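Residue numbers (my numbering), protein chains in the order written: chain A, 1 to 432; chain B, 1 to 432; chain C, 1 to 432; chain D, 1 to 432.
Notes to accompany the following structure.
Number of protein chains: 4
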Amino acid sequence: MIPRYTRQEMAKIWEPENKYRIWMEIEAYACEAQEIIDVIPKGVAKAVWERGNFDVARIDEIEAEVKHDVIAFLTNLAEYVGEEARFVHQGMTSSDVLDTAFSVQLKQSAELLEQGIERVMAALEKRAKEHMMTLCIGRSHGIHGEPTTFGLKLAGHYAAFKRCLARVQAAREEISICAISGAVGTYATVDPSVETYVADKMGLKPEDVSTQVIPRDRHAMFFSALAVTASVIENLSVEIRHLQRTEVREAEEFFASGQKGSSAMPHKRNPILTENLTGLARLVRSAVIPALENVALWHERDISHSSVERGIAPDACVTLDFALQRMAMVVEKLTIMPDNMMKNLEQMGGLVFSQRVMLTLTQAGIAREAAYRIVQRNAMKVWESEGKTKFLDLLKADSEVAEKIPASELDAIFNYAYYTKNVDYVFDRVFG
Amino acid sequence: MIPRYTRQEMAKIWEPENKYRIWMEIEAYACEAQEIIDVIPKGVAKAVWERGNFDVARIDEIEAEVKHDVIAFLTNLAEYVGEEARFVHQGMTSSDVLDTAFSVQLKQSAELLEQGIERVMAALEKRAKEHMMTLCIGRSHGIHGEPTTFGLKLAGHYAAFKRCLARVQAAREEISICAISGAVGTYATVDPSVETYVADKMGLKPEDVSTQVIPRDRHAMFFSALAVTASVIENLSVEIRHLQRTEVREAEEFFASGQKGSSAMPHKRNPILTENLTGLARLVRSAVIPALENVALWHERDISHSSVERGIAPDACVTLDFALQRMAMVVEKLTIMPDNMMKNLEQMGGLVFSQRVMLTLTQAGIAREAAYRIVQRNAMKVWESEGKTKFLDLLKADSEVAEKIPASELDAIFNYAYYTKNVDYVFDRVFG
Amino acid sequence: MIPRYTRQEMAKIWEPENKYRIWMEIEAYACEAQEIIDVIPKGVAKAVWERGNFDVARIDEIEAEVKHDVIAFLTNLAEYVGEEARFVHQGMTSSDVLDTAFSVQLKQSAELLEQGIERVMAALEKRAKEHMMTLCIGRSHGIHGEPTTFGLKLAGHYAAFKRCLARVQAAREEISICAISGAVGTYATVDPSVETYVADKMGLKPEDVSTQVIPRDRHAMFFSALAVTASVIENLSVEIRHLQRTEVREAEEFFASGQKGSSAMPHKRNPILTENLTGLARLVRSAVIPALENVALWHERDISHSSVERGIAPDACVTLDFALQRMAMVVEKLTIMPDNMMKNLEQMGGLVFSQRVMLTLTQAGIAREAAYRIVQRNAMKVWESEGKTKFLDLLKADSEVAEKIPASELDAIFNYAYYTKNVDYVFDRVFG
Amino acid sequence: MIPRYTRQEMAKIWEPENKYRIWMEIEAYACEAQEIIDVIPKGVAKAVWERGNFDVARIDEIEAEVKHDVIAFLTNLAEYVGEEARFVHQGMTSSDVLDTAFSVQLKQSAELLEQGIERVMAALEKRAKEHMMTLCIGRSHGIHGEPTTFGLKLAGHYAAFKRCLARVQAAREEISICAISGAVGTYATVDPSVETYVADKMGLKPEDVSTQVIPRDRHAMFFSALAVTASVIENLSVEIRHLQRTEVREAEEFFASGQKGSSAMPHKRNPILTENLTGLARLVRSAVIPALENVALWHERDISHSSVERGIAPDACVTLDFALQRMAMVVEKLTIMPDNMMKNLEQMGGLVFSQRVMLTLTQAGIAREAAYRIVQRNAMKVWESEGKTKFLDLLKADSEVAEKIPASELDAIFNYAYYTKNVDYVFDRVFG
């Protein structure tokens with residue numbers, strides 16, 4: 001958790017306070033379940049709910065001695081609950097509490113991340129609709145390709161975030177798991193009904209086979225979903241960084257009054273937010289490999305995953321949460337420059353119509369290969385002139401073209417509307 | 001693709017022959033669709049289906065000149081199809097073919113991987129049911145914990161593979177995508193109905209927004225699902241390697257007559273298959289980061305992902321396919337040694353009953369902390385004696401215990417059935 | 001930085017206080033250099049050294065407005081220095097300060113890590129020499145191979161840490177770099193002599209070409225060295241975890257009085273420190289990929305690396321520092337059990353001598369393949385008997401063996417001294 | 001190994017033919033050493049050198065039965081050598097051959113990679129010197145910063161590759177290791193003098209402690225050096241891709257006559273080689289994590305590393321070798337466009353001089369903060385006008401500026417030579 005990239009909403013989920021509160025709830029619900037089946041006396045759960053409490057500093061103190069966090073917590077809880085405390089945690093093992101609580105924290109985090117994705121989606125949808133028909137050049141390989149619209153670009157990113165929403169939801173489902181199965185997962189000392197009861201109360205599902213811990217393939221899948229989402233953020237961020245380049249200038253991050261782009265060069269306005277997001281994406285992705293390495297625990301469990309998760313779980317969740325909010329803000333406030341888009345679109349002297357010319361030649365009976373050569377021959381001259389020579393002029397002057405396409409038809413070909421005719425079709429599919 | 005870790009079934013999917021066949025199908029179906037909307041003359045599709053063919057060596061030859069694989073393919077295809085060929089690929093861009101075909105290859109691979117997972121699951125289910133009640137020690141941290149059954153262990157791995165089956169199925173759905181949207185994805189030169197038609201014929205769904213390429217977050221998710229599956233294989237492999245250790249000897253990989261464990265030490269029988277699987281898991285996992293790095297392509301697309309996918313796609317699919325089949329074979333033929341399991345279970349002089357003793361003390365009115373200390377005090381003596389001193393004897397001789405638990409009740413506590421009473425419950429949940 | 005895995009010595013290096021102090025030193029030395037070449041008036045450096053100061057909270061406050069950390073720092077510094085402050089940072093760009101200071105922090109960290117490695121080496125050397133001739137079984141594939149000594153095992157780990165020491169030293173050299181070259185690295189506004197001067201004062205070397213930032217391939221190499229060191233820690237940790245397994249019990253982590261191994265099972269003594277180190281190794285390794293992804297910055301620099309380094313630099317340094325100290329402590333206090341080592345060594349009924357028997361047969365004129373078969377034939381019987389049948393007895397009774405090796409010679413072969421005769425040779429090479 | 005990204009020089013190193021030839025050499029030299037110390041009869045080495053041979057297909061056939069590659073090789077070798085063969089491999093274990101041979105292959109690969117790096121360096125040096133004083137804009141964050149020269153850009157990349165050369169050389173040293181220490185590494189069955197002898201003959205150094213295998217931290221370091229080199233390739237590739245963007249057009253990959261940029265858009269010339277190199281860098285990097293995961297082998301060795309290395313070793317070496325040659329070729333043939341560089345440099349109406357103006361104001365007695373505001377105020381107007389309004393004109397008209405800097409001095413400030421005055425200093429440092 002890097003303070004400057006941390007929102008309190010997410011940080012709170014990963015603070016000891018929240019963790020211990022969940023532990024206490026699990027223990028209290030487990031007592032309720034144990035009372036139902038008469039394993040412990042009536043009244044224990046009530047005592048926990050009414051008098052149960054904990055003190056983080058005190059728990060730390062006890063843990064320093066016993067070197068076991070759950071025992072430290074239970075000892076402290078007993079200091080509040082009193083007599084009835086000896087029935088708390090009956091037949092359970094630490095992992096029953098630890099892993100179920102970890103599930104709850106991941107579930108809470110996923111819910112917050114989903115809100116973040118939805119905010120990005122809302123921003124993208126709004127800006128996409130504003131610029132549904134704003135013409136700009138589509139680029140492949142960084143090279144001008146054919147006309148498209150800025151709205152269509154944003155619609156593509158919207159669709160990617162929508163897929164991420166589904167992935168995080170699926171990851172949340174996958175991790176919304178309760179395991180209360182006792183030592184080595186046999187339910188020898190705790191009846192399966194306790195697990196079912198607690199799961200139900202906590203909004204979780206019981207694990208199929210828990211071997212004391214919840215199997216870590218679930219968590220690996222969870223962090224994979226986060227990493228893909230981070231990469232989708234990177235994709236949009238790289239797009240914006242490209243658009244803000246001095247030579248391109250089609251969009252620009254909001255630049256606050258009073259902001260300084262550079263300590264040395266007062267003229268600078270840099271895309272620092274999306275550069276930052278590019279870096280944050282790398283951080284979130286770095287959780288995936290450790291999460292995968294955590295899967296192969298020894299026998300019924302070892303504890304090597306624990307230190308890993310103390311690092312990656314808060315770090316990946318907090319960083320992705322922050323990144324989503326920042327991404328949304330960037331999109332919401334993005335300065336979009338349609339005039340520059342049009343200027344760039346026209347920069348290459350009409351080359352963007354090259355395919356359409358080729359197709360028209362083909363339809364007029366010229367073999368594809370020959371058509372390609374004719375068009376490329378003219379296009380390269382325009383290319384070399386940096387767009388100063390106009391493609392349309394060259395084509396009109398080329399006898400092989402003129403033979404097949406009358407000048408008036410050529411004029412009609414150089415028409416941007418041709419490229420936007422299906423934008424509404426795509427918008428219907430994405431937003432409809 | 002490492003030859004010794006390659007099955008022909010999967011390798012074939014990734015051979016040029018299969019790729020070009022899919023390309024040809026896509027082009028042919030696209031022609032059908034174009035004929036329906038009268039963009040190209042009737043009869044082109046028929047010509048492709050009837051005369052269409054390709055020659056891998058010839059394509060290589062053409063590509064060496066034009067430096068573009070799809071153009072090389074189309075040129076070669078035209079050599080077979082003849083006249084009508086000039087209407088093939090009309091209005092399409094290379095990625096329409098490349099990406100849709102790549103989807104098909106990944107889909108075919110996923111189907112084969114699912115069969116592999118199912119074979120592992122079948123093997124695990126069979127062996128789990130055979131050994132449903134075979135007692136063995138459950139271990140946490142590599143240290144004896146409490147009794148469990150070997151069937152329960154295998155049931156846990158079965159459940160993990162079942163989750164992987166669902167993940168690979170979801171990844172297959174996610175990647176079963178067709179994109180035929182033309183240059184920079186505007187459908188300017190190709191009607192959306194072509195995409196819908198081809199998608200339907202090829203068993204795919206159209207991409208929401210394809211910006212010329214199918215967005216790589218889909219592929220990143222695909223390889224993540226493979227990586228998690230590989231890690232689940234590693235988990236089971238590590239379990240078997242542990243069980244085969246000389247000091248443990250609870251299970252052993254099948255050792256073929258004529259096999260040599262070591263060139264130097266003729267007595268050796270090593271778990272080389274599961275060690276190998278542990279390594280193969282690392283290889284499959286190594287595809288995840290490059291796949292994530294592929295997501296942030298520049299603007300409407302760049303081609304940096306292409307070389308990456310030429311490596312990771314066949315490698316990860318072929319390696320995981322091989323690993324699944326080997327994993328299944330290992331489980332099917334695994335030598336399981338119930339006698340050794342029982343010997344190990346009894347090795348620690350009854351310590352495995354320690355929790356139950358503690359719980360009984362608690363239920364008899366001793367505070368949890370005090371009960372823990374009483375039990376630990378006796379347990380450590382047994383531990384130090386390496387199990388030669390019997391835990392039951394010490395407990396009977398401990399006045400604090402004797403006061404609360406009569407000897408006969410203590411005898412009854414030292415009973416393995418206590419730990420297996422819910423095995424059928426779990427089996428019902430997993431296999432029921 | 002996870003508090004429980006953090007030592008203050010390392011954490012302090014990464015605190016704002018230390019960072020800003022280094023920034024101030026760089027600025028002060030730069031002023032000295034600028035005064036020498038008369039770019040700024042005499043007395044500025046003196047003013048900075050005498051009145052220069054900073055307040056972390058105040059810097060945060062300013063940064064919240066100007067959104068630029070170096071400008072915020074300089075503004076705050078000026079509040080202390082007064083009039084002369086306007087000559088501070090003259091001609092420099094933020095990265096000159098940021099990157100040079102980051103080098104210093106990494107250098108300081110490397111020095112602390114080297115101390116940690118040396119502590120581990122010292123512990124390993126001491127324990128290795130104590131147990132130079134303590135016999136134990138050497139295992140390949142987890143299966144008993146041939147006798148070795150526990151000292152030799154530890155000597156191997158010592159040699160690995162010694163290599164890591166050299167790697168971290170090389171990484172420190174690689175990163176001990178100063179860059180003061182101004183905007184886009186041209187030295188247009190700051191004379192190269194300033195860089196040379198500051199580098200010399202700070203114990204650094206000037207960067208060859210700095211393009212405003214110090215190229216990130218240096219940092220990638222730095223984190224790679226840390227990751228390899230973490231993996232070497234993992235290797236030793238896995239060894240200890242294996243040795244502590246209940247069935248093996250050849251070594252055990254120190255178990256403090258009052259410690260609790262399990263909340264549920266009072267008999268447990270788990271290798272939690274080395275399990276923890278296994279996890280910490282995964283965390284340290286996770287810094288490598290982001291560090292490699294940081295190398296390809298755009299043009300003369302972008303700032304995507306910054307957020308990454310705010311995470312991985314303190315995290316990897318702090319975690320590895322903690323891990324090294326914990327590793328050293330584990331080795332220093334490790335309970336080593338020579339009796340159990342001998343018991344395990346003898347467990348397989350003499351199979352550990354199989355190679356020597358085979359070699360003797362070969363030297364007696366039997367072809368290698370035939371000798372292998374003869375030995376394997378007898379070995380497998382011992383193997384199946386779990387060591388109850390004695391290998392020596394079987395060999396004596398095997399006519400093909402008896403024909404070539406008299407019984408007395410066979411007896412002489414079953415002698416552990418044969419395997420330890422070169423231990424002193426290796427010790428000389430490693431520790432000599 | 002992806003055929004299209006493979007050079008035969010490197011592929012041959014990784015073919016079975018080369019591997020078995022090295023195995024044979026190791027065995028022959030080991031025989032020489034064994035003869036010297038009279039462990040085997042004189043004449044065995046001679047027999048191996050004279051009659052020794054192998055047949056890859058036959059080895060495969062034998063391995064299919066014995067499931068052990070070294071035994072299969074030795075069996076085949078014996079078929080050629082005859083009688084004396086039974087003394088070959090005396091006292092050695094498979095890993096002695098496997099690991100030492102693997103070292104040789106990695107050493108050979110490193111030598112080829114070093115040649116590749118040197119070719120890139122030569123190309124960069126030549127082009128850097130050609131364009132030492134070719135003015136272009138330096139960019140930070142993708143935004144115009146200050147003037148620099150194209151030669152200086154290339155010099156920076158040269159310096160990075162030079163560092164990589166040193167890293168690969170160090171990695172080669174680190175891996176030039178011979179281990180012939182017998183089972184579990186005790187030299188019980190093979191005298192240390194054999195190792196020393198073979199190491200010397202093969203140009204290697206003996207391992208300090210080899211525990212049967214050469215410790216994998218060496219290999220992890222090797223692949224890390226390759227990954228950093230790949231990232232440095234990516235860095236230069238990304239630079240070229242940026243420079244080739246349509247709006248930038250300062251450099252362009254060589255475009256062969258007959259080449260087709262796009263099947264759909266005949267006007268395209270895409271930076272496909274550097275995009276490809278960006279992808280290949282991802283592939284090479286993907287070897288690092290598996291190599292790190294290979295370090296923690298169990299006890300004296302397990303074999304999980306083997307399958308990993310069968311994949312990553314040829315793949316990473318072949319891919320990096322190809323990438324270096326392609327990178328060199330791209331630089332050698334790169335079309336560099338000084339006119340466009342100048343056009344872009346002037347695009348922002350003189351804003352690139354902003355820092356120098358600010359510094360002049362400061363030196364004229366204006367506080368840094370005030371100077372920054374004055375300059376930023378004028379710069380933002382130029383920025384908004386997209387460079388149409390000239391910065392120099394605005395400054396002359398700004399009374400706060402005019403008060404401090406006379407117009408003639410302002411004119412003198414707008415001078416590119418100011419930014420190139422130290423280029424020769426840097427060139428001396430880098431190439432001198």
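Glycine included, C-beta positions come from ideal geometry on N, C-alpha and C.
Everything numeric in this text was worked out from a predicted model, so none of it was measured.
- Nearest CB-CB separation between C/Y80 and chain A: not below the 9 angstroms threshold.
- By the Cβ rule, the stretch 42-56 of chain B does not count as touching the stretch 356-375 of chain B, because fewer than three pairs are nearer than 8 angstroms.
- Against chain D, the CB of A/M342 has no partner CB under 9 angstroms away; the residue lies outside that interface.
- Contact check for A/Y425 against B/Y187 passes: the beta carbons are separated by less than 9 angstroms.
- When beta bridges are read from the DSSP output, C/P206 appears opposite C/C178.
- Of the residues C/H242, C/Q8, C/I22, the one whose Cα lies closest to the Cα of C/T100 is C/I22.
- Using a Cβ distance threshold of 9 angstroms, C/S237 and C/T278 count as a contacting pair.
- The straight-line gap separating the alpha-carbon atoms of A/A183 and A/T189 is approximately 8 angstroms.
- D/A281 sits buried, since 16 or more C-beta atoms from the chains shown fall within 10 Å of its C-beta.
- Under the three-state reduction of DSSP, B/H144 is assigned to strand.
- The contact set of C/I303 on chain D, defined by CB atoms closer than 9 angstroms, consists of S140, H141 in chain order.
- Among the CB atoms of chain D, none fall inside 9 angstroms of the CB of C/L395.
- The contact set of A/N276 on chain C, defined by CB atoms closer than 8 angstroms, consists of I303, S304, S306, S307 in chain order.
- In the pairwise beta carbon analysis, the stretch 99-117 of chain A is classified as touching the stretch 202-211 of chain A: at least three pairs are separated by under 8 angstroms.
- Residues of the stretch 212-241 of chain B that bring their beta carbon within less than 9 angstroms of a beta carbon in chain C comprise R241, in sequence order.
- Pairing B/S307 with B/V104, the inter-Cα distance amounts to about 18 angstroms.
- If you ignore the 5 residues before and after A/A407, its C-beta comes within less than 7 angstroms of the C-beta of K396, all in its own chain and listed in chain order.
- Inclusion of B/S231 and D/S286 in the CB contact set at 9 angstroms is not warranted, their separation being larger than that value.
- Counting C-beta pairs closer than 8 angstroms gives three or more between the stretch 20-37 of chain B and the stretch 192-200 of chain B, which meets the contact rule.
- The criterion of a C-beta distance shorter than 9 angstroms is satisfied by D/I272 and B/K67.
- Of all alpha-carbon atoms in C/E309, C/P3, C/A220, C/V352, the one lying nearest the alpha-carbon of A/Y5 is that of C/E309.
- Using a Cβ-Cβ cut-off of 9 angstroms, C/R249 does not count as an interface residue toward chain A, since no Cβ of chain A sits closer than that to its own.
- In chain D, no part has a C-beta under 7 angstroms from the C-beta of A/L283; the shortest such distance is about 16 angstroms.
- In this structure, D/R301 sits near D/T211, with a CB-CB distance shorter than 9 angstroms.
- Flagged as an interface residue toward chain B: D/G311, by a C-beta distance shorter than 9 angstroms.
- At the C-beta level, C/A227 and C/V288 come within 9 angstroms of one another.
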